[in-house]
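Encoded as structure tokens, the structure appears first; notes follow it.
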Amino acid sequence: MDKKYALDFEKPLRGLIAQLDNLHQLSTENDIDVSSEIHAIEAKIESTKKSIYSNLSSWQRVQLSRHPDRPYALDYINSIFDGFQELHGDRSYKDDRCIIGGTAFLNGKAVMVIGQQKGRSTKEKIERNFGLPNPEGYRKALRLMNMANKFGMPIITLVDTQGAYPGIGSEERHIAEAIAINLREMASLEVPIITAVIGEGGSGGALGLAIANRVLMMENAYYSVITPEGCAAILWRDAGQAPAAAEALKLSAKDLLKFEVVEELVEEPMGGAHNDIEKAAESLKTVFLKHLEELGTLSPEELETDRYDRFRKIGVFTEAVNDGKIVPIEEAAS
Amino acid sequence: MSLFHKPKYSTVTVKKKDIPQGLWKKCPVSGEIIYNKELEQNQNVVPKSGYHFPIDAYDRLRNLLDIGSFQEFDADLEPCDPFEFNDSKSYKDRLKTYQKKTGRKDALVSGTGKIHGIPVSVAVMDFQFAGGSMGSVVGEKITRAIERAIEKKIPCIVFSSSGGARMQEGVLSLMQMGKTSAALSRLNKARLPFISVMVNPTMGGVTASFATLGDINIAEPGALIGFAGARVIKETTKEELPDGFQTAEFLLAKGLIDQIVPRTEMRDRFRDLLSAIYVGKQVEASA
Numbered sequence: 000m001d002k003k004y005a006l007d008f009e010k011p012l013r014g015l016i017a018q019l020d021n022l023h024q025l026s027t028e029n030d031i032d033v034s035s036e037i038h039a040i041e042a043k044i045e046s047t048k049k050s051i052y053s054n055l056s057s058w059q060r061v062q063l064s065r066h067p068d069r070p071y072a073l074d075y076i077n078s079i080f081d082g083f084q085e086l087h088g089d090r091s092y093k094d095d096r097c098i099i100g101g102t103a104f105l106n107g108k109a110v111m112v113i114g115q116q117k118g119r120s121t122k123e124k125i126e127r128n129f130g131l132p133n134p135e136g137y138r139k140a141l142r143l144m145n146m147a148n149k150f151g152m153p154i155i156t157l158v159d160t161q162g163a164y165p166g167i168g169s170e171e172r173h174i175a176e177a178i179a180i181n182l183r184e185m186a187s188l189e190v191p192i193i194t195a196v197i198g199e200g201g202s203g204g205a206l207g208l209a210i211a212n213r214v215l216m217m218e219n220a221y222y223s224v225i226t227p228e229g230c231a232a233i234l235w236r237d238a239g240q241a242p243a244a245a246e247a248l249k250l251s252a253k254d255l256l257k258f259e260v261v262e263e264l265v266e267e268p269m270g271g272a273h274n275d276i277e278k279a280a281e282s283l284k285t286v287f288l289k290h291l292e293e294l295g296t297l298s299p300e301e302l303e304t305d306r307y308d309r310f311r312k313i314g315v316f317t318e319a320v321n322d323g324k325i326v327p328i329e330e331a332a333s
Numbered sequence: 000m001s002l003f004h005k006p007k008y009s010t011v012t013v014k015k016k017d018i019p020q021g022l023w024k025k026c027p028v029s030g031e032i033i034y035n036k037e038l039e040q041n042q043n044v045v046p047k048s049g050y051h052f053p054i055d056a057y058d059r060l061r062n063l064l065d066i067g068s069f070q071e072f073d074a075d076l077e078p079c080d081p082f083e084f085n086d087s088k089s090y091k092d093r094l095k096t097y098q099k100k101t102g103r104k105d106a107l108v109s110g111t112g113k114i115h116g117i118p119v120s121v122a123v124m125d126f127q128f129a130g131g132s133m134g135s136v137v138g139e140k141i142t143r144a145i146e147r148a149i150e151k152k153i154p155c156i157v158f159s160s161s162g163g164a165r166m167q168e169g170v171l172s173l174m175q176m177g178k179t180s181a182a183l184s185r186l187n188k189a190r191l192p193f194i195s196v197m198v199n200p201t202m203g204g205v206t207a208s209f210a211t212l213g214d215i216n217i218a219e220p221g222a223l224i225g226f227a228g229a230r231v232i233k234e235t236t237k238e239e240l241p242d243g244f245q246t247a248e249f250l251l252a253k254g255l256i257d258q259i260v261p262r263t264e265m266r267d268r269f270r271d272l273l274s275a276i277y278v279g280k281q282v283e284a285s286a
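Quick mapping for you: the protein sequence lines, in order, are chains A and B. For the first sequence, counting from 1, position 249 maps to 248 in numbering that gives the first Met the number 0; every step adds exactly one. For the second sequence, counting from 1, position 200 maps to 199 in numbering that gives the first Met the number 0; every step adds exactly one.
So, in structure tokens, the structure goes:
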């Protein structure tokens, strides 16, 4: 069976591919011409692909964002940048292998690139802590971002995590504070920052690398305050309601464009980025270059202001017309 | 078979109406029964055991600030339902219920006031409103409280008590973490103090943004403070959690917070701290 179409909603494709394989086998084993049948099935595969992938639900996109063959940070880094030099460690506790970073060149321009890295083999999954960063990862990232700021290098971050690691050591070394410091310090940097959510954009663990001037999202990535499973477990009291939660959270790139939480949706090859990693990387590179060029015209102070204003305006609420009214509460008793 | 037998007591059935409701509270630590009035006079802190019951945001401000010094701002900010969020109940209905219960439009009270004559911009979260969760209104009001501090060149104080980001406003809630933290970067630049007080419980996205960014991080005794919930950590790691995990005392030992301050000493402690890091500095700076 083709591993490419392993997801539930890709089942019709699996059936067609199996039929196609049978026909190929039939024709070679029995030396009969079934080319017209083969063409018919190939056409059916294409039309089925179109109908499946052009109407993906939020939950289906979440599944694509977690696809085992999906390109990870290093896949994009190796395709998009030249001369990546990984720099290790937070200079305090250890080197978190789940957040990687270092210097690289983007079309000859020096940048600092930082990404959340998942593992593909079991061994690497464990090494990368299943894509759930510890505090050290965020502290290393900040160290590298401060270095970029010092040397005037743009920062590019690649987000791909379900969230920061919910572990004892992680809490003991203050994962929340590590993220919080990144939010505050990234806001003050005076170099361009561009974030791309390449897979999963899970909660504070994602945001800790995403206080950027521009936030881009791959078409099948998601970005959310909580994973659909987590949300379903709390609000529906049933993690099995994750598909409903995924819809309610409006976590897809398309939805988030409307809320002005992301600047650009980066199209993926048909069926998801894993079907053509080079093409996906090329699209992302093009968008990086475009935004870097735009941000290149801003002064250091303007870059800080641009980023501040970007986040400052996010939020939906109403305010009564008597805005600015001062309401004194009753006098204190003590 | 157990070694000890439970002693049998004769029980007296008391009709419920014989005990007036809401006159007494039982201390969960000592089991002591305390008269509510006595508790209120001590800011909802049990005098002997030191157990901190929750306190309403206005009551906290009343005890914290100089008499008549509080001016509330942004009380008219009201949440919307941009995601048209429905789970077992619609977000709109949930909001109505919370608004009725608390008399507030959302989970935060903010304004300006004075502590022993020192002007401050202050915000207090209300855990009674949607578990003190942070959506657009809470994020906006905290950001404005910080910007107000910058504008008036005064310190900013936030009392956090929250389950985290508000799920029903989705990613917009997440972005409030960025917004509030960015505002704190500007407060830093202006060299103005931020004092964060973490009140039971302070969790999730609030801990992972402004609540742990204080120049001075304070916690009330016994407060639960953390990022992930204990249940999630247990399920993920299959490990036993250490004693006192995620309590204020645990985090003082682990180096996250500067001081544990009982509520009854908060007002004087602010005077002492702000006298050192703030009072006189602004005059010097502008001179």
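Even glycine gets a Cβ: it sits at the ideal position worked out from N, Cα and C.
Residues that residue i bridges to, as DSSP identifies them
{"i": "residue 105 of chain A", "result": "A:108"}
{"i": "residue 85 of chain B", "result": "B:89"}
{"i": "residue 112 of chain B", "result": "B:119"}
{"i": "residue 70 of chain B", "result": "B:111"}
{"i": "residue 213 of chain A", "result": "A:193"}
{"i": "residue 25 of chain B", "result": "B:32"}
{"i": "residue 44 of chain B", "result": "B:51"}
{"i": "residue 78 of chain B", "result": "A:316"}
{"i": "residue 157 of chain B", "result": "B:122, B:195"}
{"i": "residue 200 of chain A", "result": "A:160, A:222"}
{"i": "residue 201 of chain B", "result": "B:161, B:224"}
{"i": "residue 166 of chain B", "result": "The partner list for residue 166 of chain B (beta bridge, DSSP) is empty, contrary to what the question assumes."}
{"i": "residue 133 of chain B", "result": "B:164"}
Buried/exposed call for residue i, threshold 16 Cβ in 10 Å
{"i": "residue 226 of chain A", "result": "buried"}
{"i": "residue 126 of chain A", "result": "exposed"}
{"i": "residue 221 of chain A", "result": "buried"}
{"i": "residue 40 of chain B", "result": "exposed"}
{"i": "residue 301 of chain A", "result": "exposed"}
{"i": "residue 79 of chain A", "result": "buried"}
{"i": "residue 62 of chain A", "result": "buried"}
{"i": "residue 66 of chain B", "result": "exposed"}
{"i": "residue 27 of chain B", "result": "exposed"}
{"i": "residue 172 of chain A", "result": "buried"}
{"i": "residue 200 of chain B", "result": "buried"}
{"i": "residue 239 of chain A", "result": "exposed"}
Residue i: contacting residues in chain B (beta-carbon distance under 8 Å)
{"i": "residue 299 of chain A", "result": "Here the premise fails: no neighbours, minimum Cβ distance about 13 Å."}
{"i": "residue 183 of chain A", "result": "180, 181, 183, 184, 187, 212"}
{"i": "residue 202 of chain A", "result": "164, 173, 204"}
{"i": "residue 210 of chain A", "result": "177, 180, 181"}
{"i": "residue 233 of chain A", "result": "166"}
{"i": "residue 319 of chain A", "result": "75, 77"}
Within-8 Å CB hit, residue i to chain D
{"i": "residue 290 of chain A", "result": "Looking at the structure shown, chain D is missing, and the protein chains on hand are A and B."}
Contacts of residue i in chain A (Cβ-Cβ under 8 Å)
{"i": "residue 81 of chain B", "result": "258, 315"}
{"i": "residue 172 of chain B", "result": "224"}
Neighbour list for residue i in chain A, Cβ cutoff strictly below 9 Å
{"i": "residue 241 of chain B", "result": "167, 171"}
{"i": "residue 238 of chain B", "result": "166, 167"}
{"i": "residue 232 of chain B", "result": "165, 166, 167, 169, 170"}
{"i": "residue 159 of chain B", "result": "Ordered by position in chain A, no residue passes the 9 Å Cβ test against residue 159 of chain B, which lies about 11 Å from the chain."}
Neighbour list for residue i in chain B, Cβ cutoff strictly below 9 Å
{"i": "residue 155 of chain A", "result": "The contacting residues do not exist; residue 155 of chain A stays about 18 Å from chain B at best."}
Per-residue contacts from residue i into chain B (C-beta, under 7 Å)
{"i": "residue 186 of chain A", "result": "180, 181, 184"}
{"i": "residue 342 of chain A", "result": "There is simply no residue 342 of chain A to check, as chain A begins at 0 and stops at 333 in what is shown."}
{"i": "residue 230 of chain A", "result": "166"}
{"i": "residue 176 of chain A", "result": "211, 255"}
{"i": "residue 255 of chain A", "result": "170"}
{"i": "residue 138 of chain A", "result": "What residue 138 of chain A touches in chain B: nothing, since even the nearest Cβ is about 14 Å away."}
Listed by chain order, chain A residues near residue i by CB distance under 7 Å
{"i": "residue 135 of chain B", "result": "314, 315, 316"}
{"i": "residue 176 of chain B", "result": "182, 203, 206"}
Discussion item. Runs of 3 residues minimum, wholly inside the segment 206-270 of chain B: which ones carry the beta strand (DSSP E) assignment?
Written reply: 215-218
Item to complete: May I ask you to verify whether the segment 99-113 of chain B touches the segment 244-258 of chain A, counting CB pairs closer than 8 Å and requiring at least 3?
Response: no
Discussion item. Quick check on the DSSP output: what are the complete beta strand (DSSP E) runs of length 3 or more inside the segment 80-165 of chain A, in order along the chain?
Written reply: 81-85, 98-105, 108-115, 154-160
Practice prompt. Please determine if the segment 270-283 of chain A and the segment 98-109 of chain B are in contact, where contact requires at least 3 C-beta pairs separated by less than 8 Å.
Written response: no
Discussion item. Three Cβ pairs or more, each shorter than 8 Å: is that satisfied between the segment 163-172 of chain B and the segment 210-219 of chain B?
Written reply: no
Discussion item. With three or more beta-carbon pairs closer than 8 Å as the criterion, would you say the segment 47-65 of chain A touches the segment 6-13 of chain A?
Written reply: Yes: the two stretches touch, three or more of their Cβ pairs being nearer than 8 Å.
Discussion item. Under 8 Å, with one C-beta from each stretch per pair, do the segment 145-155 of chain A and the segment 105-117 of chain A reach the 3-pair mark?
Written reply: These segments touch.
Worksheet entry | Any alpha helix (DSSP H) of 4 or more consecutive residues that is wholly inside the segment 256-298 of chain A | 276-294
Worksheet item: Are at least three pairs of beta-carbons, each pair with one atom in the segment 240-253 of chain B and one in the segment 89-99 of chain B, less than 8 Å apart?
Response: Touching, no, given that fewer than three Cβ pairs across the two stretches are closer than 8 Å.
Practice prompt. Check whether the segment 207-218 of chain A touches the segment 142-149 of chain B, taking contact to mean three or more Cβ pairs, one atom from each stretch, closer than 8 Å.
Written response: no
Discussion item. So, does the segment 115-123 of chain B touch the segment 154-162 of chain B, judging by three or more C-beta pairs under 8 Å?
Written reply: Yes, since at least three Cβ pairs between the segment 115-123 of chain B and the segment 154-162 of chain B fall closer than 8 Å, the two stretches touch.
Item to complete: Examine the Cβ distances between the segment 73-88 of chain B and the segment 130-139 of chain B and report whether three or more of them are shorter than 8 Å.
Response: yes
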